[in-house]
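Working notes, structure below.
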Amino acid sequence: MLAEANYSGMSGASGATPLVSARGISKHFVLHETLLARYLAGAKDRAVRAVDGVSLDVYPGETLSLVGESGCGKSTLGRTIVGLYEPTSGQVMFDGRPLSGPDALPRASLRRQAQIIFQNPYSSLNPRHTVRQILGVALAARGVPTRERGAETIALLRRVGLSVEHIDRYPHQFSGGQRQRIGVARALATRPRFVVADEPLSSLDVSVQAQIINLLQELQEDLGLAYLFITHDLRVVYHISHRVAVMYLGQVVEVAPTDELFENPLHPYTQALLSAIPSIERHRRRRRIILDGTVPTPIDPPLGCRFHPRCPRRAHRCEEDPPELEQVAEGPGSRSHLVRCHLAASH
Ligand code: SF4
Numbered sequence: 023m024l025a026e027a028n029y030s031g032m033s034g035a036s037g038a039t040p041l042v043s044a045r046g047i048s049k050h051f052v053l054h055e056t057l058l059a060r061y062l063a064g065a066k067d068r069a070v071r072a073v074d075g076v077s078l079d080v081y082p083g084e085t086l087s088l089v090g091e092s093g094c095g096k097s098t099l100g101r102t103i104v105g106l107y108e109p110t111s112g113q114v115m116f117d118g119r120p121l122s123g124p125d126a127l128p129r130a131s132l133r134r135q136a137q138i139i140f141q142n143p144y145s146s147l148n149p150r151h152t153v154r155q156i157l158g159v160a161l162a163a164r165g166v167p168t169r170e171r172g173a174e175t176i177a178l179l180r181r182v183g184l185s186v187e188h189i190d191r192y193p194h195q196f197s198g199g200q201r202q203r204i205g206v207a208r209a210l211a212t213r214p215r216f217v218v219a220d221e222p223l224s225s226l227d228v229s230v231q232a233q234i235i236n237l238l239q240e241l242q243e244d245l246g247l248a249y250l251f252i253t254h255d256l257r258v259v260y261h262i263s264h265r266v267a268v269m270y271l272g273q274v275v276e277v278a279p280t281d282e283l284f285e286n287p288l289h290p291y292t293q294a295l296l297s298a299i300p301s302i303e304r305h306r307r308r309r310r311i312i313l314d315g316t317v318p319t320p321i322d323p324p325l326g327c328r329f330h331p332r333c334p335r336r337a338h339r340c341e342e343d344p345p346e347l348e349q350v351a352e353g354p355g356s357r358s359h360l361v362r363c364h365l366a367a368s369h
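In my numbering, the protein residues as written are 23 to 369.
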């Protein structure tokens with residue numbers, strides 16, 4: 023195994039430096055428990071360790087997909103990276119500026135440059151506001167004068183495949199796919215450089231999913247957007263991502279370019295995830311790996327390697343010694359292959 027990954031100063035394949043860098047991000051949610059529960063826990067405040075020490079880069083114009091089972095911390099990490107949650111520890115840098123501290127990027131600037139598309143477009147759109155009002159709020163955040171917002175709103179609607187007739191309708195008057203298009207338009211209204219797409223397809227029919235994927239890819243090509251694409255659908259990941267990061271129980275366990283990850287997954291958890299998608303033709307012969315047990319609770323994660331209770335390859339060392347995320351293949355930042363496993367080098 024090569025030396026531990028040194029993220030600082032890494033360059034992407036295109037020579038780019040990261041647009042977004044998360045360094046040692048943790049996000050813990052303290053539980054407000056009853057006295058009895060606290061007594062049973064030894065009178066200590068317990069916390070859900072949703073994200074624990076994650077470092078990750080997103081490069082300009084790329085799609086980095088974040089995958090893993092429900093509850094692994096994907097959405098919490100995405101929301102922390104765009105500033106919706108304060109990290110418990112660690113730092114997020116946007117275009118070289120920290121999001122907190124004396125030199126912090128102003129919140130208004132972050133809100134313009136970094137946007138999020140939510141999983142459920144219906145609950146994320148104000149049901150009492152028309153499309154004109156919903157997009158008007160986002161345009162105001164960009165400083166667009168009132169007299170210009172009508173024309174900008176129409177341009178945004180056209181950009182996402184809707185039309186001028188939709189401008190004074192309410193969210194309930196649209197289909198699920200159309201509502202997600204409004205969510206995309208709202209994200210675009212501030213002219214962002216970075217968008218977190220948090221399971222944007224999971225509430226949509228398969229045929230509509232393809233339309234939204236195409237729309238997001240077109241926008242990336244035209245506008246040079248960088249996406250952090252959060253999903254559990256590995257077939258979508260395979261088709262849209264430049265790189266993939268795999269999360270397990272609050273930690274990133276593997277990061278690699280998409281072709282490298284699908285051809286040569288090194289972490290046993292990634293291998294198990296990929297073994298469940300036989301429909302990607304050239305990976306059809308992969309043996310299905312069924313993991314034992316359920317995901318442990320993030321309130322009290324296992325000692326040593328967090329994956330060891332379910333790992334088919336665990337060794338004695340894995341129960342006590344937590345592995346670091348280490349670089350196993352040389353390459354500039356966006357081509358690096360990083361794995362958190364003691365045995366990855368002997369794969
Ligand atoms: Fe499995 Fe050990 Fe690797 Fe963890 S460190 S993934 S338990 S082999």
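Where is the CB? At the ideal position from N, CA and C, for every residue including glycine.
>> Using 8 Å for Cβ pairs, my map puts V158 next to R171. What's the rounded Cβ distance?
In response: Strictly speaking, residue 158 in this sequence is Gly, with Val absent from that position. About 5 Å separates the two Cβ atoms, so the contact holds.
>> Taking a contact to mean a Cβ-Cβ separation below 7 Å, would you say G105 touches K96 in this structure?
In response: no
> For L283, which residues of its own chain have a beta-carbon under 6 Å away from its beta-carbon, when the five flanking residues on both sides are left out?
Replying inline: V266
>> Using the three-state DSSP reduction, which class does L241 fall into: helix, strand or coil?
In response: In the structure shown, L241 adopts helical secondary structure according to DSSP, grouped into three states.
> D281 lies in the alpha helix (DSSP H); which residues open and close that run?
Replying inline: 280-285
>> Please output, in chain order, the residues near ligand 1 using a CB cut-off of less than 5 Å to any non-hydrogen atom of the ligand.
In response: So the residues near ligand 1 by this Cβ test are P290, C327, F329, H330, C333, R335, R336, C340, P345, C363, H364, L365.
> Pick from Y192, P279, V70: whose alpha carbon is nearest that of H54?
Replying inline: V70
> Which whole-angstrom value describes the C-beta separation of L88 and L250, a residue pair presumed to lie in contact below a C-beta threshold of 8 Å?
Replying inline: Indeed, because the Cβ distance is near 6 Å, the residues count as touching under 8 Å.
> Do V268 and Q137 come within 7 Å of each other at the CB atom, strictly closer than that value?
Replying inline: No, they are not a contact pair.
>> At the level of alpha carbons, what is the spacing between P193 and T175?
In response: 15 Å
> Taking the beta strand (DSSP E) that S111 falls in, what are its first and last residues?
Replying inline: 111-116
> What is the C-beta distance between P279 and C333, in whole angstroms, given that I count them as a contact (C-beta under 8 Å)?
Replying inline: Contact flag wrong, Cβ pair sits at about 24 Å.
> To the nearest angstrom, how far is it from the Cα of T110 to the Cα of L99?
Replying inline: 11 Å
>> Using a Cβ-Cβ cutoff of less than 6 Å, which residues in the same chain neighbour R362 once the five nearest sequence positions on both sides are dropped?
In response: V275, P345, L347
>> What would DSSP say about L313, mapped onto helix, strand or coil?
In response: coil
> Using DSSP with H/G/I as helix, E/B as strand and the rest coil, what is Y249?
Replying inline: strand
> Under a Cβ-count criterion, where at least 16 other Cβ atoms within 10 Å of its own Cβ denotes burial, should P128 be classed as buried or exposed?
Replying inline: exposed
>> Does Q141 pass the burial test, meaning 16 or more other C-beta atoms within 10 Å, or should it be called exposed?
In response: buried
> Near T292, which residues of its chain fall below 8 Å by C-beta distance, leaving aside the five closest residues on each side in sequence?
Replying inline: V268, V275, E276, L283
> So Q349 is in the beta strand (DSSP E); what residue range does that whole segment cover?
Replying inline: 348-351
> Where does Y385 sit, in a helix, a strand or coil, going by DSSP?
Replying inline: An answer regarding residue 385 cannot be provided, because it is not within the stretch 23 to 369 covered by the chain.
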